[in-house]
Every structure is written in structure tokens, then in C-alpha cells.
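Chemist:
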Amino acid sequence: MFTGIVQGTAKLVSIDEKPNFRTHVVELPDHMLDGLETGASVAHNGCCLTVTEINGNHVSFDLMKETLRITNLGDLNYFSGGLGKR
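Following full-length UniProt numbering from start to finish, the sequence shown increments by one per residue and tops out at 86.
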């Protein structure tokens with residue numbers, strides 16, 4: 001269940017541009033991985049996103065064009081931090 005409580009920050013480690021969406025991969029701290037599974041909701045810079053893949057500490061999210069257009073997520077780069085909420 002999404003609580004909206006900030007639990008930490010995460011580093012954006014990968015951005016993969018695809019024709020109709022973009023995948024962000026963030027490196028979550030260990031304490032945020034407990035119980036996390038594909039399909040869970042996690043806030044990334046205040047935007048609630050769905051986990052699409054988990055590979056160790058790297059967690060992926062697919063961002064649709066509209067999400068990129070109306071949020072600041074389209075402006076992020078590898079040096080951007082992000083708030084993580086669950």
C-alpha cells in the first residue's frame with residue numbers, strides 16, 4: 001500500500017528512451033527494498049509510479065509521454081536525486 005511517507009532518496013542510474021515511453025532505473029537503498037515487488041507503487045520526485053522490474057538494488061519504472069510532459073521527470077538526468085516514498 002502506498003503510504004506517501006518519504007523513506008529515503010535514490011540515485012537515477014539509467015534512462016532508456018523508447019518510442020512511446022522512457023524507462024528510469026533508480027538505485028534504492030536496502031531499507032526500501034524490503035517487501036518491494038513488481039507492480040508496487042513508489043513515488044519518484046513526487047509522482048507515483050509502478051515498479052516494472054527489480055534487479056538487486058536497481059528498480060525500473062516506465063514513464064509514459066504524458067507523465068514526462070506534465071511532471072519534472074522528463075527533465076531529470078543521471079545527476080538528479082529523487083525522493084522515494086512507498
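Glycine residues also receive a C-beta, built at the ideal position from the N, C-alpha and C atoms.
As the structure is a computational prediction, the values presented were derived from the model and not from experiment.
For V6, does the count of other Cβ atoms within 10 angstroms reach 16, so buried, or fall short, so exposed?
Modeler: Reading the sequence shown from its first residue, position 6 is the one you call residue 6. V6 comes out exposed.
Chemist: In the structure shown, what three-state DSSP assignment does I70 receive?
Modeler: As a working mapping, residue 70 is identified with position 70 in the sequence shown. Helix.
Chemist: Can you find a C-beta in chain D that's less than 8 Å from the C-beta of A43?
Modeler: This model lacks chain D altogether, as it is built from one protein chain only.
Chemist: Contact between the stretch 26-39 and the stretch 66-79: three or more CB pairs below 8 Å?
Modeler: Taking 8 Å as the limit for Cβ pairs, the verdict is that the stretch 66-79 does not touch the stretch 26-39.
Chemist: Between the C-alpha atoms of L36 and H58, what's the straight-line distance to the nearest angstrom?
Modeler: As a working mapping, residue 36 is identified with position 36 in the sequence shown. As a working mapping, residue 58 is identified with position 58 in the sequence shown. Taking the straight line from one Cα to the other gives about 12 Å.
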